[in-house]
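**Student:** Listed in order, the protein sequences are those of chains A and B.
Numbering-wise, my numbering puts 4 at position 4 of the first sequence, and it's gapless, one number per residue.
Numbering-wise, my numbering puts 59 at position 59 of the second sequence, and it's gapless, one number per residue.
First the structure, then my questions, so here it is.
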Amino acid sequence: GQQLNQSPQSMFIQEGEDVSMNCTSSSIFNTWLWYKQDPGEGPVLLIALYKAGELTSNGRLTAQFGITRKDSFLNISASIPSDVGIYFCAGRPGTYKYIFGTGTRLKVLA
Amino acid sequence: DAGVTQSPTHLIKTRGQQVTLRCSPISGHKSVSWYQQVLGQGPQFIFQYYEKEERGRGNFPDRFSARQFPNYSSELNVNALLLGDSALYLCASSSGVQGANQPQHFGDGTRLSIL
């Protein structure tokens, strides 16, 4: 099935560092969502973006809806150990379904 | 308030059997979507139901079917199970109006293993 491209695929960072990841598509999306998934659990919504160029924050997390509407970015500032997990982007091309990315696996070294 | 709840949490079946998975959406949410997540990948869209009608279907065979009840809960049925159906099945709910910008909230899924 179709999946969006996320990069990097995985990353190790030191506690306190800032993190950046992105998600790209060949299609235009009306909505971008960012989720975090921990082992054995479902994805938890972090940020929702509805407008091209929109920048939205949720605590230490900031996400942006790319101007072309084909990409999105997620930044985490001052990472902490509990930021460990898999981050998924999801884009909505139409009215009823979301297409998910391949995931970015984040590991934080204390 | 309770989030999206799914049952059972784990299930083991053999090839050829049939399975039914259940989902209760967040109170007040009328839309339910089902996703399949194979290990190491992102979720893949299977179905969306809104007001008890199927509104969208992903690229899955006819062995997969679903329905939504008047209380907005939903069931996903899979017939003639194959080894490749082993996955985490996720249910997501969103509020109200189809087409509006409403984020989806996920349950913790049902882990289905096919032997």
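In this text, a Cβ means the ideal position worked out from N, Cα and C, and glycines have one as well.
All of these numbers come straight from a predicted model, not from anything done at the bench.
#1: Looking at the C-beta of B/Asp-108, does it have a partner C-beta in chain A at a distance below 8 Å?
#2: For B/Arg-22, which of B/Pro-43, B/Lys-13, B/Ser-33, B/Arg-15 has the nearest alpha-carbon?
#3: For B/Leu-83, does the three-state DSSP call read helix, strand or coil?
#4: Under the assumption that B/Gln-37 contacts B/Ile-46 (Cβ atoms under 8 Å), give the Cβ distance between them as a whole number of angstroms.
#5: Between the C-alpha atoms of B/Ser-65 and B/Ser-24, what's the straight-line distance to the nearest angstrom?
#6: Just to confirm my understanding: we take A/Phe-73, look at its own chain, exclude 5 residues before and 5 after, and list those with CB closer than 8 Å. What are they?
#7: Just to check my reading of the structure: A/Gln-6 and A/Gly-103 have Cβ atoms closer than 8 Å, yes? What is that Cβ distance to the nearest angstrom?
#8: If contacts are defined as beta-carbon pairs under 8 Å, then A/Phe-100 and B/Gly-42 qualify, I think. What distance do you get, rounded to the angstrom?
#9: Got a sec: which bits of the stretch 26-58 of chain A sit with their beta carbon under 8 Å from any beta carbon on chain B, in order along the chain?
#10: Take B/Gln-18 and list the residues in its own chain whose beta-carbon comes closer than 8 Å to its own, dropping the five residues that flank it on each side.
#11: Should A/Gly-91 and A/Gln-37 be called a contact, given that it needs their Cβ atoms to be closer than 8 Å?
#12: How would you label B/Arg-63, buried or exposed, when you count the other beta carbons within 10 angstroms and need 16 or more for buried?
#13: Out of A/Asp-71, A/Gly-59, A/Glu-41, which has the shortest C-alpha to C-alpha gap to A/Lys-51?
#14: Going along chain A, which residues have a C-beta under 7 Å from B/Pro-103?
#15: Below 9 Å on C-beta distance, what does B/Leu-90 contact in chain A?
#16: Is B/Phe-45 close to chain E, meaning its C-beta is less than 8 Å from at least one C-beta of that chain?
**Tutor:** The short version:
#1: yes
#2: B/Ser-33
#3: helix
#4: That belief does not hold up - the Cβ atoms of B/Gln-37 and B/Ile-46 are roughly 10 Å apart, past 8 Å.
#5: 17 Å
#6: Ser-20, Met-21, Asn-22, Cys-23, Ala-63, Gln-64, Gly-66
#7: 6 Å
#8: 3 Å
#9: Asn-30, Thr-31, Leu-33, Tyr-35, Gly-40, Glu-41, Gly-42, Pro-43, Val-44, Leu-45, Ala-48, Tyr-50
#10: Asn-77, Val-78, Asn-79, Ala-80, Leu-81
#11: no
#12: exposed
#13: A/Asp-71
#14: Leu-33, Leu-45, Ala-48
#15: Gly-42, Pro-43
#16: In the displayed structure, chain E is absent; the protein chains listed are A and B.
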